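Peer 1: Attaching a single structure in structure tokens format; questions to follow.
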Amino acid sequence: MNSSFESYPELESLIHGFIEETLSPSQHETLADILSNSAKAREALVQACELNAMLESEPGLQSAMTQDLLPENVVALGEGKSVAPFESHPGGNSLSRLKWLAAAAAIAILGFTWWQVNLAKEAPEMAFTGNGVEIPEEAIALPEVEEVDPETQYERAVLASLGSGSQQRPPTNFSVEPSLADEEISYNRHIRPILSDNCFSCHGPDEHGRKADLRLDTYEGATNPELATVVPGKPNESELIARILSTDEDDIMPPPESHKTLTSAQINLLTRWVEGGAEYEEHWSFIPVQKPESDSGEMSVDELVESDLERQGLVPSPKAKPEILVRRLFLDLTGLPPSPQEIEAFVNNEDPDAYAKLVDDLLSRTTFGEHRARYWLDAARYADTHGLHLDNYREMWPYRDWVINAFNDNMPFDQFTIEQIAGDLLPEATTEQQIATGFNRCNVTTSEGGAIEEEFLVRYAVDRVATTSTVWMGLTTGCAQCHDHKFDPITMKDFYSLFAFFNNTTQPGMDGNRKDSPPVIRIYPTHDDEERAATLTKQIAVKLKEANQLLPTTDLAGLSIAKTRPDLAFAASGALEKNEAGRFQKSEPFTISFRYDLPQTEARVPLLSRVDPQNSNRGWRIYWEDKSIFVELIESHPNKRLKTGLTRRIAAGSAGHFAVAYNGSSNSDGIVLFSNGTVISSRFQNSWLDTLEGDFSLEDGTVTIGGEIEGTEEPVKISELFLADRLYSDREIALVAKLPELLKAERVEMAAAAKRLAEANAPKPEIKKGEAPKADKEAEKNKDLREFLASNSEGPYQDSIHALANLRTELQQIESISPTTMVMAEKEDTMPTAHLLLRGEYDQKADEVPAAFPAFLPVLDETLPKNRLGLAKWLVHPDHPLTSRVTANRIWQEMFGTGLVKTSEDFGTQGENPSHPELLDFLAASFVESGWDVKALYRQIVLSNTYRQSSVIPEGMAKRDPENRLLARGPRFRLDAEVIRDQALHVSGLLNDTFGGEGVRPYQPAGIWETVGYSNSNTQTFYQDYGPQAESRRSIYTFWKRTAHSPTLAIFDAPNREICIMRRERTNTPLQALVMMNDPQFVRAARHLAKRVLDEAKDRDERFDLLATLLRGHPFSEDERRVVTNSFDQFRNIYESDEASAALLLVDESNSAFSIPADEVGSVPEFAAYTMVANQLLNLDESLNKN
Amino acid sequence: MNTLNDYLTFETRRQFFGKTATGIGGAALSSLLGPDLARAAGGGLNQQAFHHAPKAKRAIYMFMSGAPSQIDLWDHKPKMKEWFDKDLPEEIRDGQRLTTMTSKQARFPIAPSIYEFQKHGQCGTEVSELLPHTAKMVDDIAVIRSMWTEAINHDPAITYIQTGNQIPGHPSLGAWLSYGLGSENENLPSFVVLNSKWSAKRDAQALYQRLWGAGFLPSKHQGVALRSQGDPVLYLSDPKGVNRDVRRSMLDGLSQLNEKHYDQVGDPETHARIAQYEMAFRMQASVPDLTDLSSEPKHILDMYGPDVTTPGTFAYNCLLARRMAERGVRFSQIFHRGWDQHGNLTGDLPLQCGDVDQPSWALVQDLKMRGMLDDTLVVWGGEFGRTIYSQGRLTETNYGRDHHPRCFSVWMAGAGVKGGTVHGTTDDFCYNIVDKPVHIRDLNATILHLLGINHERLTLKHQGLDVRLTGVEKAHVVKDILS
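Below you can see the structure in the form of structure tokens.
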């Protein structure tokens, strides 16, 4: 990229001149030009200046370094270039020059080989080319000092994040090891990371991407005699070594365009490895777990940690103070801090088993499971919305509660695994076991208009493979979706064989934006409810069938509609015989509706009338004329009548539906006309009358259908006539306008629903498979039809429909208290198989493969079925090399902040090696031996001395071991988002410990959901829940909307749960400070905390100490008390002169129910000052950390 | 040797590197190049640095969510007039997949744009009458008419263009920039998001926090969404009853207590926390200053149009973006929703254009007047295009258009962009690209390039892979539009 860079070989002398301040203006410009074009050149300049400055200020160092630079002391590096002795460098005779070279050498010695390596590679002709000495073979000996190590990497990252304070350490690919000099070279520990990082992407397991037919990830491939890449024992004959040492751009490996470079120590390691026979080992995590044995019998966590420390010349830290330890233990096991009483009880307990007893107490609390589940739900990507597009509500919380209960019941991890992956496939699967399968329903889904179902089914299965592989095996399989994995031995075939396990689901690709996208189960509160629901379902099926038989026929001829008066509907022509039919009055509403079929004529067509020709046509009539339909209410024709007509053209010879609804107002605008079920604005047809003074009612008369038409014999046909003495709603008129088709559909639907219900009538909870459960939807759709029929008909049909409605209401009542939850269900008629998908594209199908375990891992048990149940059992087979290691590591990570394998989601070759391999295997093996006893594993860890060490960082260790990978001290790190919030609720006495149930929506600032939400989404608008039941619950119960999750939690690194997360970020940002200081939830906590200490402690100092104890486990030192007292005095002074502001602190901004009445606090300014002290202490670094 | 080594390893190294960013070397570089490159060199020990001299110091990205119709705005197809209501020829569609919204449509009647296009500026770029203000500045902008993507629905497509992947979980463009370039202003975030109100029908496509999320990058790199109601930054205001003096006292006491704790425990994170609280305190002043428009003269406000003083409007957000650019915010992204015209396009599209046309023009003019257009990159575009054929009923005056990933238009202006250019050509049906296709990853590569980043080298190791914004397939910087 820096093409111009190579054309500036003068850079070196320019930098030198710059330091010497001897540059001419034009040279100055040239230098600036080069610098602006090359990052490497800028680095060079900065380093040179820094070193110069450093040497200027450190004469001792300077002389020490120049001493080391005597020709015999020159350390050469493996790039075909060496640091030149100063005497021989052209023009190198000034003092600065000397210092600069000395510094360069120092850099090289320290392993900052960028100078050599990168400059040499980018511009070989310019980087210290003074006298390129050939390196003798022996010069490749391991340098006496270490290579660019984790600390250095960390330092560099710290540098890059100056001012932003990330706690996220940069990835390192080494466990902390001070020196390799005296250590055996191990392929897994030393060599594979180098090869994997630098070589495998072209010379690894992926045969399609493989270059030059060379494979370096196997012994056979590397030592292939034809290529002589590696000749064991003979580095000089090995092409591998020649290539990495080469300076020829065409030969050097890794190639320049890969932007990868080997350090000298890496080169040395490789050389030594080849020399020693180039032994390969299988990747550490794929070989069986080996439980370390101890001379003294049973091994222990401490023995393994301490022997390692000893090797490093370190000693463990002393035990943490009891008040610190007890808070650490409470936070780790329950996610809540101890109460002052609990602290006191522990600190003063002299029973030597007090600690162990406390551990058992905490492990038995419900809060244990609530805390544990939180970690698991990150991995399971649990949330309360679908995540994609509309991001609608999804009812899944029974799964969340299942997880909590499983931890509290200490469900063995193998069972925990089997039920979640394949609970539905267990014989006689219980409701609980089916709920557990929600694990694989937690992935994000869509129902976006236009989306292609098949494409998304593929995505869901890919997500399930990725999640399952990550959570149980620490394998990143995603790459193998498109090609064989570049680094790990997982092939595309392995991937789709795993994919096949999840490819036999009955789930539709579109979630329908429903909360209960099938397959789902419903969970009844009691067995009686469940039975009653089953009975009701049965009865509804019977009733449906019955009602169906009674349903009116489509021609409606026989339908007798009677309510308060015998209104009629029929298809006929002539006169209606019932005298009272159509006897409407001007002050009462009525509705007339019918279907017509007009003859071909220009003349007026009488449609329907009830008039008295003898009495100026008094009555009402409806007729077609002049391409419209008119309605007249006539007191006396022609002058006293209301006349309206359709504004739409109705052609002669056409057919359709007409209705008129009159509201009894005597006004023409009280008459509304409908054509084919929709309102067509009527028009006023009488220029001198729009109000009827008299009445049009006619006591005696008959309704006449049709009538004589001038010039034609053809009659008008009228059918489906309704004469009703009430005002039909628009909706009802729309219904009657298409009654025949609705009835027809209803008949079909009722039959189908009855059949479905009869079939689904198992005693088991209803599983809705595959197809969207249309019955409900249709029931909803036709509900108003049924209601209409029920209220407009009489006799057995009406009775039947009423009975049906009652049954349905009862069922709905039960269902309203019985949540659904999404589960897995397997297609019964097919085996789990999948097609390889080229480039991972859903429509690029290649070979079909059956479900199978990855070929590079052992089969373990031939008898396992090739379905999800088999997969689950395979994962928890005692000999599975990954599951126990990955799980033990994850649990270790919860306690210590960092796993023994830091990349807890990646145990593959690109992941980090374990810092304590034996300890990891020891924990994993003990875990399996215990019968996968989860609580026992926690107990084992927290009972260790390693865990109980003080977290005070020993002198020098913050630099040497910033992440505490050596475990020479106890764990200390910032609490997770939920714990921070829960702690505030707990210490302020607000926490509501209700267990489980639907997600709650505590306060959040307005507009968080609305800003992003799709307008049609049912989570577009945030409605806060009020009251302690919702606002003061533990954060695990907070409603999790994926596209906009709780801002308070998000700012403290809670993930959005779109994908599986095995370890959270742990950042340190100003936004977090704003949350802690100003979020109304934390202000509320401060207020109630102040009230609590005001009530519970008698004087100021006691109150301060209580605050401190609540928040960090121990009272203030004298020193600290002075600071707090000083703050308190300042607050009080301010508030005494501004009582109005002080009073505002009593008021809760988000819910006044949490305000504190002024008369309960004594002095308001003093209370405000306490509130601010509480606010201050909630923000204390020590409160925000586990110490 | 060992003594020296120990000395360097345990004592000096930290100071040595600690000084690099701010110390004498940095100062030296500053004197030669100005502070930005100097800072870059400081971070140059990592990949967190410029890979080459950047043209742009910052970028403003106006994102039209929902996909604006390129046919009615930027890609004039006069021949289509004769094709009114005729079927799209089968060979043009060529079996390409459609969304399930129109794939079952009986026919695909061509709907020519009803809008007039005219040539503008020296360069003669054709622009629709719906964008009269934008049309005035065509000599300053480069229009890419040959953008394309694979995704055909909003959620995957917008996730794709914003994060380089259709599946959630990857870092957004802004997060990558924050990760790569860091911040220029320690009182404001380096990546800020502004969400705007819109005028078309209300049921606009959703946005997702993942669109400005950090994915697997450290979460400090995620975009901070400035809010138009309540506090611009969440929880910025002190609670009622707490004034600045009280807060200052509280923080003074807090940092003393934390210092004492540091003395006992020795965790450097404690110092980092103290610093974060101080920055929070400064933000409480700097953010309100940012959103206080009272110092803006009338002629500037007038330029952005009458909505400019209403928080949450696109005009207001454009002005805010300029103010943030002045204050060193690296990347601001303004989202404007409501461009998904499946039906009633001629009713809604003019409303949408009315929201954005004048303010986006004004933003470019404003930057230009201040000399900031030279080092500010401006981008305008959506997640895909729209079909030439009508979705639903086609009349002489109205039509709808379905999603069309195979071509769409975006424009860029400012630092390093060759104004007055048009890049790429589509066929007469505005259906397929016939010349110079630009994939969305090419667009992202170009944006990174202009900011001094080689998209192949800005990577993060995640799950064993060096992951980058532009993904695994080859991406190309669009050199033709670079000045």
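Which chain is which? The protein sequence lines are R and L, in order.
Note that the numbering used here gives residue 70 to position 70 of the first sequence, counting from 1, and the numbers run on in steps of one.
Note that the numbering used here gives residue 469 to position 469 of the second sequence, counting from 1, and the numbers run on in steps of one.
From the three backbone atoms N, C-alpha and C, an ideal C-beta is built for every residue, glycine too.
Treat the numbers as computed from the prediction; the structure is a model and nothing was measured.
If the cut-off is 8 Å on Cβ atoms, which residues from the stretch 370-403 of chain R count as contacting chain L, listed in chain order?
Peer 2: Under the 8 Å Cβ criterion, the stretch 370-403 of chain R contributes 387, 388, 389, 390, 391.
Peer 1: Are the CB atoms of residue 834(R) and residue 499(R) nearer to each other than 8 Å?
Peer 2: Position 834 of the first sequence, counting from 1, holds the residue named residue 834(R). Position 499 of the first sequence, counting from 1, holds the residue named residue 499(R). Yes, the pair counts as a contact, with Cβ atoms nearer than the cut-off.
Peer 1: In terms of DSSP beta bridges, what is residue 642(R) paired with?
Peer 2: The residue labelled residue 642(R) in the question sits at position 642 within the first sequence. Residue 642(R) is bridged to 633(R).
Peer 1: Could you give the uninterrupted runs of the alpha helix (DSSP H) lying entirely in the stretch 919-990 of chain R, keeping only those of 4 residues or more?
Peer 2: Here the runs fully enclosed are 934-942, 945-948, 957-960, 977-987.
Peer 1: Verify the CB distance criterion: does residue 238(L) have a CB-CB separation below 8 Å to chain R?
Peer 2: On the second sequence, position 238 is the one that residue 238(L) refers to. At least one chain R Cβ lies under 8 Å of residue 238(L).
Peer 1: Residue 696(R) and residue 592(R) look like a contact to me (Cβ under 8 Å); what is the Cβ gap, rounded to whole Å?
Peer 2: What you label residue 696(R) is simply residue 696 of the first sequence in a count that begins at 1. What you label residue 592(R) is simply residue 592 of the first sequence in a count that begins at 1. So it is not a contact: roughly 14 Å between Cβ atoms.
Peer 1: In the DSSP assignment, the alpha helix (DSSP H) including residue 801(R) goes from what residue to what residue?
Peer 2: As a first step, residue 801(R) must be located in the first sequence, where it is residue number 801. It spans 796-816 - the alpha helix (DSSP H) in which residue 801(R) sits, taken as one unbroken run.
Peer 1: Write down the C-beta distance between residue 667(R) and residue 589(R) rounded to the nearest angstrom, noting that I regard them as a contact closer than 8 Å.
Peer 2: Position 667 of the first sequence, counted from the start, is the residue given in the question as residue 667(R). Position 589 of the first sequence, counted from the start, is the residue given in the question as residue 589(R). With a Cβ gap of about 13 Å, residue 667(R) and residue 589(R) do not count as contacting.
Peer 1: Considering only their Cβ atoms, is the gap separating residue 244(R) from residue 267(R) smaller than 8 Å?
Peer 2: Within the first sequence, the letter at position 267 stands for residue 267(R). Within the first sequence, the letter at position 244 stands for residue 244(R). Taking 8 Å as the Cβ cut-off, residue 267(R) and residue 244(R) qualify as a contacting pair.
Peer 1: Once DSSP output is grouped into helix, strand and coil, what is the label at residue 354(L)?
Peer 2: The residue given as residue 354(L) occupies position 354 in the second sequence. Helix.
Peer 1: Can you tell me the Cβ-Cβ gap for residue 480(L) and residue 131(L), rounded? I've got them flagged as a contact below 8 Å.
Peer 2: What you label residue 480(L) is simply residue 480 of the second sequence in a count that begins at 1. What you label residue 131(L) is simply residue 131 of the second sequence in a count that begins at 1. 23 Å between Cβ atoms; not a contact.
Peer 1: Output yes if chain R places a C-beta closer than 8 Å to the C-beta of residue 229(L); else output no.
Peer 2: As a working mapping, residue 229(L) is identified with position 229 in the second sequence. Interface residue, yes.
Peer 1: To the nearest angstrom, how far is it from the Cα of residue 1170(R) to the Cα of residue 1132(R)?
Peer 2: Working through the first sequence from its first residue, we reach residue 1170(R) at position 1170. Working through the first sequence from its first residue, we reach residue 1132(R) at position 1132. So the alpha carbons of these two residues sit roughly 8 Å apart.
Peer 1: Can you give me, in chain order, the residues of the stretch 158-174 of chain L that have a beta carbon less than 7 Å from any beta carbon in chain R?
Peer 2: Taking 7 Å as the Cβ-Cβ cut-off against chain R, the residues of the stretch 158-174 of chain L that qualify are 167, 168, 169.
Peer 1: Indicate whether residue 1109(R) and residue 324(R) have their beta-carbon atoms separated by less than 8 Å.
Peer 2: Looking up residue 1109(R) in the first sequence gives position 1109. Looking up residue 324(R) in the first sequence gives position 324. Not in contact: residue 1109(R) and residue 324(R) (Cβ atoms no closer than 8 Å).
Peer 1: By the three-class DSSP mapping on this structure, what secondary structure does residue 1175(R) have?
Peer 2: What you label residue 1175(R) is simply residue 1175 of the first sequence in a count that begins at 1. Reduced to three states, the DSSP call for residue 1175(R) is helix.
Peer 1: State yes or no: is the C-beta of residue 1148(R) within less than 8 Å of the C-beta of residue 1121(R)?
Peer 2: Here residue 1148(R) is taken as the residue at index 1148 of the first sequence, counted from 1. Here residue 1121(R) is taken as the residue at index 1121 of the first sequence, counted from 1. Against a cut-off of 8 Å, the Cβ pair of residue 1121(R) and residue 1148(R) comes out as no contact.
Peer 1: So with CB distances below 7 Å, who are the chain R contacts of residue 253(L)?
Peer 2: To locate residue 253(L), count along the second sequence from 1; it is residue 253. What residue 253(L) touches in chain R: 1123, 1124, 1126, 1127, 1176.
Peer 1: In chain order, what residues of the same chain lie with their CB nearer than 8 Å to the CB of residue 641(R), ignoring the 5 residues before and after it?
Peer 2: What you label residue 641(R) is simply residue 641 of the first sequence in a count that begins at 1. Within the same chain, residue 641(R) has close Cβ partners 632, 633, 634, 635, 686, 689, 692, 696.
Peer 1: Between 382(R), 417(R), 257(R), which lies nearest to residue 454(L) when the distance is taken from Cα to Cα?
Peer 2: The residue you call residue 454(L) lines up with position 454 of the second sequence. Looking at the Cα atoms, 257(R) is the closest of the given residues.
Peer 1: So residue 886(R) contacts chain L; which residues on that side make the cut at Cβ distance below 8 Å?
Peer 2: Translated into positions along the first sequence, residue 886(R) becomes position 886. Simply none; closest approach about 14 Å.
Peer 1: My output table needs one value for residue 200(L): the three-state DSSP class, helix, strand or coil.
Peer 2: To locate residue 200(L), count along the second sequence from 1; it is residue 200. Here residue 200(L) sits in coil by DSSP.
Peer 1: What are the boundary residues of the alpha helix (DSSP H) that includes residue 1070(R)?
Peer 2: Here residue 1070(R) refers to the residue found at position 1070 of the first sequence. That run of the alpha helix (DSSP H) goes 1070-1078.
Peer 1: Tell whether a beta-carbon distance below 8 Å holds between residue 195(L) and residue 1011(R).
Peer 2: Here residue 195(L) is taken as the residue at index 195 of the second sequence, counted from 1. Here residue 1011(R) is taken as the residue at index 1011 of the first sequence, counted from 1. A contact, by the Cβ cut-off of 8 Å.
Peer 1: Can you give me, in chain order, the residues of the stretch 993-1012 of chain R that have a beta carbon less than 8 Å from any beta carbon in chain L?
Peer 2: Of all residues in the stretch 993-1012 of chain R, 1005, 1006, 1007, 1011, 1012 have a Cβ within less than 8 Å of some Cβ in chain L.
Peer 1: For residue 657(R), name the three-state secondary structure that DSSP assigns.
Peer 2: Here residue 657(R) corresponds to residue number 657 of the first sequence, with the count starting at 1. Residue state, collapsed to three classes: strand.
Peer 1: Below 8 Å, how does it come out for the stretch 710-717 of chain R and the stretch 598-609 of chain R: are there three or more Cβ pairs, yes or no?
Peer 2: Cβ pair count under 8 Å is three or more, so yes.
Peer 1: Does any C-beta atom of chain L lie closer than 8 Å to the C-beta of residue 473(R)?
Peer 2: Here residue 473(R) corresponds to residue number 473 of the first sequence, with the count starting at 1. Output row for residue 473(R): interface = no.
Peer 1: CB-CB under 6 Å to residue 387(L), same chain, minus the five flanking residues each way: which ones, in chain order?
Peer 2: Numbered from its first residue, the second sequence carries residue 387(L) at position 387. Taken in chain order, the residues that qualify are 401, 402, 404.
Peer 1: DSSP three-state call for residue 337(L): helix, strand or coil?
Peer 2: Position 337 of the second sequence, counted from the start, is the residue given in the question as residue 337(L). DSSP places residue 337(L) in coil when its eight states are reduced to three.
Peer 1: Determine, using beta carbons only, whether residue 757(R) and residue 534(R) come nearer to each other than 8 Å.
Peer 2: To locate residue 757(R), count along the first sequence from 1; it is residue 757. To locate residue 534(R), count along the first sequence from 1; it is residue 534. Not a contact, by the Cβ cut-off of 8 Å.
Peer 1: With a threshold of 8 Å between beta carbons, is residue 1065(R) in contact with chain L?
Peer 2: One-based indexing of the first sequence puts residue 1065(R) at position 1065. Yes, residue 1065(R) lies at the interface with chain L (some Cβ there is under 8 Å from its Cβ).
Peer 1: Excluding sequence positions up to five away, which residues of its chain have a Cβ less than 6 Å from the Cβ of residue 914(R)?
Peer 2: What you label residue 914(R) is simply residue 914 of the first sequence in a count that begins at 1. Answer for residue 914(R): 900, 901, 920, listed in chain order.
Peer 1: Measuring alpha carbon to alpha carbon, tell me which of 543(R), 1005(R), 897(R), 1085(R) ends up nearest residue 1021(R).
Peer 2: Start at 1 with the first residue of the first sequence, and residue 1021(R) comes out as number 1021. Comparing Cα positions, the closest option is 1005(R).
Peer 1: Where residue 752(R) and residue 113(L) are concerned, what is the direct C-alpha to C-alpha distance, given to the nearest angstrom?
Peer 2: Indexing the first sequence from 1 puts residue 752(R) at position 752. Indexing the second sequence from 1 puts residue 113(L) at position 113. Approximately 48 Å between the Cα atoms of the pair.
Peer 1: On the criterion of 16 or more Cβ atoms from any shown chain inside 10 Å, does residue 42(L) qualify as buried, or is it exposed?
Peer 2: Counting from 1 along the second sequence, the entry for residue 42(L) is found at position 42. Here the model assigns residue 42(L) a pLDDT of 35, short of 50, so the residue's position is not dependable, and the following value carries that caveat. Burial call: buried.
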